[in-house]
Amino acid sequence: MANPARFQRFAGWLTPWLILSTMGFLAAGLYYGLYDSPIDYQQHDTVRIMYVHVPAAWLAMMTYSTLAISGFVFLVWRHPLADVAGTAAAPIGAIFTALALITGSIWGQPTWGTWWVWDARLTSVLILFFLFIGYIALRNAFDDPTRAAKSTAILAVVGAINLPIIKFSVEWWNTLHQPASVSRLANPSIDPAMLRPLLLMAACYFCLFLLALLFRMRLELVRRRIIALQFTRAGSAEA
Amino acid sequence: MSEFFQMGGYAFYIWSAYGVTAGLLIGFVVWTLISLKHAERELSVLEAIAPRRRQRINASENSNAEP
Numbered sequence: 001m002a003n004p005a006r007f008q009r010f011a012g013w014l015t016p017w018l019i020l021s022t023m024g025f026l027a028a029g030l031y032y033g034l035y036d037s038p039i040d041y042q043q044h045d046t047v048r049i050m051y052v053h054v055p056a057a058w059l060a061m062m063t064y065s066t067l068a069i070s071g072f073v074f075l076v077w078r079h080p081l082a083d084v085a086g087t088a089a090a091p092i093g094a095i096f097t098a099l100a101l102i103t104g105s106i107w108g109q110p111t112w113g114t115w116w117v118w119d120a121r122l123t124s125v126l127i128l129f130f131l132f133i134g135y136i137a138l139r140n141a142f143d144d145p146t147r148a149a150k151s152t153a154i155l156a157v158v159g160a161i162n163l164p165i166i167k168f169s170v171e172w173w174n175t176l177h178q179p180a181s182v183s184r185l186a187n188p189s190i191d192p193a194m195l196r197p198l199l200l201m202a203a204c205y206f207c208l209f210l211l212a213l214l215f216r217m218r219l220e221l222v223r224r225r226i227i228a229l230q231f232t233r234a235g236s237a238e239a
Numbered sequence: 001m002s003e004f005f006q007m008g009g010y011a012f013y014i015w016s017a018y019g020v021t022a023g024l025l026i027g028f029v030v031w032t033l034i035s036l037k038h039a040e041r042e043l044s045v046l047e048a049i050a051p052r053r054r055q056r057i058n059a060s061e062n063s064n065a066e067p
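If you're matching them up, the sequences are chains A and B in order. Using our numbering, read the first sequence as starting at 1 and increasing by one per residue. Using our numbering, read the second sequence as starting at 1 and increasing by one per residue.
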């Protein structure tokens, strides 16, 4: 995986499988989520928002882990592909976090009676969104790619402190947000008929995440070669 | 069928949540693919101008990437 050409071959082989599994999980997830699952005795049909909201929040945190790990790998081993992965992951994370915030807000209105509340969970997820945006902005702020890579890697690693804060925010502080229902997979406090569409949609989101990551890494590799070619052309024009 | 779309009276909330999700995710994927096509076209133009240099860069890239 170390070399870009081998990465491209691997990505090309994996892509059709990922498209297939994304579509499969999506179809099954939508069928069970919107149609063949019970309504909640308190939330009625609004519980169906869970199947797009919770996977978005999970993937937002997973994408940030990807960002932090690639930042760490870049800082320790200076591996260029780690920096490419970080650059590719940041906009994906911003999208998933935005989706978690928007769908959560749409869910909050009928169940809590408010679109937004400044409590620990919602605020820490909003901070997660700003971390992704900040990562993208910081990268664009540098002309020198090496300094950009180093600075964004440090930001990603330091910002990882927000992940446990998000995770435990519902236990450490009083909040409207309910605590985790699927924290123990062996004995989750959620009806199996609701767990099924939730996990199917999560699998769909995960495959989509991998697909988006591969495509955005390809995009970043092409962009870097363009810059390298322009650089050598400028160099030879001067000589 | 219309009962399904009414979602027990919560149609607005449920369909807007699913709609925003579909819209943002599809939009993001399309934006990524369009950017990739643009970048690949630009790269092929540059490579056509300097085919010999491209090979040299490829070779040096591969030797650099493998630590």
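Quick reminder that beta carbons are idealized off the backbone N, C-alpha and C, glycines included.
Collapsed DSSP secondary structure at residue i in the structure displayed
i, result
"D83/A", "helix"
"D45/A", "helix"
"P67/B", "Note on P67/B: pLDDT 43, under 50, position unreliable in the model; no value is reported."
"G113/A", "coil"
"L282/A", "Given a span of 1 to 239 for chain A in the structure shown, any question on residue 282/A remains unanswerable."
"Y35/A", "helix"
"I241/A", "The question about residue 241/A has no answer here: the residues shown for chain A are numbered 1 through 239."
"F209/A", "helix"
"A202/A", "helix"
"N3/A", "coil"
"A57/A", "helix"
"M50/A", "helix"
"V30/B", "helix"
"Y135/A", "helix"
"M62/A", "helix"
Within 8 Å, strictly: CB atoms of residue i and residue j
i, j, result
"Y10/B", "P197/A", "no"
"A60/A", "G93/A", "yes"
"A85/A", "S70/A", "yes"
"L43/B", "I226/A", "yes"
"A98/A", "A156/A", "no"
"L81/A", "F7/A", "yes"
"C207/A", "F25/A", "yes"
"W172/A", "A17/B", "no"
"L214/A", "T15/A", "yes"
"C204/A", "G29/A", "yes"
"G159/A", "L131/A", "yes"
"A202/A", "W17/A", "no"
"S37/A", "A228/A", "no"
"D83/A", "A141/A", "no"
Per DSSP, cross-strand counterpart(s) of residue i
i, result
"D119/A", "Per DSSP, none; premise fails for D119/A."
"F40/A", "Per the sequence shown, the amino acid found at residue 40/A is Asp instead of Phe. Paired residues: H44/A."
Close beta carbons around residue i, own chain, < 8 Å, minus the five adjacent residues each side
i, result
"I133/A", "A94"
Cβ shell of residue i (< 7 Å), same chain only, five flanking positions each side left out
i, result
"T63/A", "A89, I92, G93, F96, F209"
"L101/A", "V125, L126, F129"
"I190/A", "S181, V182"
"H53/A", "A100, T103, G104, W107"
Cβ separation of residue i and residue j, assumed to be a contact under 8 Å, to the nearest whole Å
i, j, result
"R218/A", "T175/A", "Contact flag wrong, Cβ pair sits at about 40 Å."
"G8/B", "D45/A", "4 Å"
"A22/B", "R233/A", "With 8 Å as the limit, A22/B and R233/A do not qualify as a contact, their Cβ atoms being about 43 Å apart."
"R48/A", "I14/B", "5 Å"
"T87/A", "E220/A", "5 Å"
"E40/B", "V222/A", "6 Å"
"I19/A", "L163/A", "Actually they do not touch by this definition, with Cβ atoms about 29 Å apart."
"L24/B", "Q230/A", "The Cβ separation is near 33 Å, so there is no contact."
Contacts around residue i, its chain only, beta-carbon distance under 6 Å, and the 5 residues preceding and following it disregarded
i, result
"A153/A", "G71, F74, L75"
"I165/A", "S124"
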